[in-house]
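Numbering (this note's numbering), first residue to last: 734 to 1157.
A virtual CB, placed ideally from N, CA and C, is assigned to each residue, including glycine.
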RNA sequence: GUGAACGUAGCUCAGACGGUAGAGCACUGGGUUGUGGCCCCAGCGGUCGCGGGUUCAAGUCCCGUCGUUCACCCCA
């Protein structure tokens, strides 16, 4: 035998039994998004590399070490989409959506690719559901975006989620804060780990991510961005909190919530689940008022979120979600002779043409074996065809729930199944 | 990229001290000359991740490698 090939590291197959739950999650999400007025957009699976290096930011981990980048045959540098916001912003610009009535509200469901070391809830290819609202700087839009995600989680039955909320300020107030924080870090440099000292240079706010207890303790006394917000950012943040209250959404302020993309301004948020272990983030996002301009479009504010399908499914599985059952056939055809097999194939076709899910044996199983399959398939009826039935031009219809059998002409049997099928 | 644990049948897992591979489930057939879900019997199914080493002998010990899992990092 040739050497078997397996799925690439960090990827996995989504088998038939996995599909119903996934499709349910996605369809619930689409229903919520549409109810809030978001329209679906699909962007390419790969983009020019510079979209991400510019949009997401050169200093981010994503750009520095996690992108699937390749050169195409024309010598252009391309990258498999690592996140959803930059591509949608690109499409917004490319299609002149700034000429539409604002805000322009879009949603997506797309695979994302990041070259990371896989672990529980983290893959090299994963799927995100996300929304983006472009063109309005109103805090009400931030609140709506968070409200959409909260509504989705509620309708999926996700329990025990914590919402963390922060403000990153804007280009008016962040530089002053960064300077203050940098000064603090420089003054206390011996209190921090090597990595934090590095981060202090690149992007001082990233030090808040550090899990080293000593660093955390040292950061307790660090200046907080929420205390340095300019009046406009402070007013925005205050109004957002009012709008969350209106929607009955509670949150915990977390001034250390610094997300992995450089484009965030003002609002950042993240829903976390204690059920997920180390990868506790189920979904999050924020405002990115400079992103569109950064990648070459007209100055346009925006807010959005991304939420991981795999993480939702994991949290659902661990928190007792509601997995919808798979679809069963209505009819299983049992054929006992070669001639009966021909008739069974024909009846299966008739059933299926009428929208009735029908299954039959292709493995030459014994009568008992076929009945066993019929039972296993959870079909409502077994249509049994043998010498006797063919001679009498009937099929034996066995109700697999009650065990009651009766003889019916083929057409009537099919009609019976069609009626049953309509009730489902 | 770093650290730890694990890798035996399709799946879940046994295999003290190295001695020539087992169970349950699943699958197929039979018990019922043409009838499921329970039960009984039988059968099918394994290069013990891969490569090297130690040994008379390696699933078992050693080294390497790949993969999985968990954690760090970061994120969905």
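Cβ neighbours of residue i in the same chain (closer than 8 Å, five flanking residues each side left out)
| i | result |
| --- | --- |
| residue 1060 | 753 and 1090 |
| residue 774 | 821, 824, 839, 840 and 841 |
| residue 963 | 902, 903, 905 and 906 |
Sequence-distant residues of the same chain with beta carbon closer than 6 Å to residue i, five excluded per side
| i | result |
| --- | --- |
| residue 1026 | 1032 |
Exposure of residue i, with buried meaning 16 or more beta-carbon neighbours within 10 Å
| i | result |
| --- | --- |
| residue 859 | buried |
| residue 850 | exposed |
| residue 1103 | buried |
| residue 790 | buried |
| residue 1076 | buried |
| residue 861 | buried |
| residue 1139 | exposed |
| residue 902 | buried |
| residue 818 | buried |
| residue 746 | exposed |
Through-space distance from residue j to residue i, alpha-carbon basis
| i | j | result |
| --- | --- | --- |
| residue 989 | residue 1093 | 59 Å |
| residue 1153 | residue 985 | 51 Å |
| residue 885 | residue 816 | 20 Å |
| residue 1145 | residue 1137 | 16 Å |
| residue 983 | residue 975 | 11 Å |
| residue 742 | residue 848 | 10 Å |
| residue 1130 | residue 1080 | 13 Å |
| residue 888 | residue 768 | 13 Å |
| residue 913 | residue 960 | 11 Å |
| residue 1122 | residue 892 | 55 Å |
| residue 953 | residue 929 | 15 Å |
| residue 897 | residue 987 | 6 Å |
| residue 1150 | residue 1049 | 35 Å |
| residue 1062 | residue 1095 | 16 Å |
| residue 757 | residue 764 | 10 Å |
| residue 981 | residue 883 | 10 Å |
| residue 1017 | residue 908 | 24 Å |
| residue 1083 | residue 1147 | 7 Å |
Beta-bridge pairing of residue i - partner residues as DSSP gives them
| i | result |
| --- | --- |
| residue 921 | Residue 921 pairs with nothing; no bridge assigned. |
| residue 1140 | 1129 |
| residue 843 | 861 |
| residue 837 | 867 |
Per-residue DSSP class, three states only, for residue i
| i | result |
| --- | --- |
| residue 1108 | helix |
| residue 1117 | strand |
| residue 984 | coil |
| residue 910 | helix |
| residue 805 | coil |
Close beta carbons around residue i, own chain, < 7 Å, minus the five adjacent residues each side
| i | result |
| --- | --- |
| residue 734 | With a pLDDT of 46 at residue 734, under the threshold of 50, the predicted position of this residue should be treated as unreliable, though the coordinate-derived value follows. Answer for residue 734: no residue qualifies. |
| residue 805 | 811 |
| residue 1002 | 879, 896, 897, 898, 1017, 1018 and 1019 |
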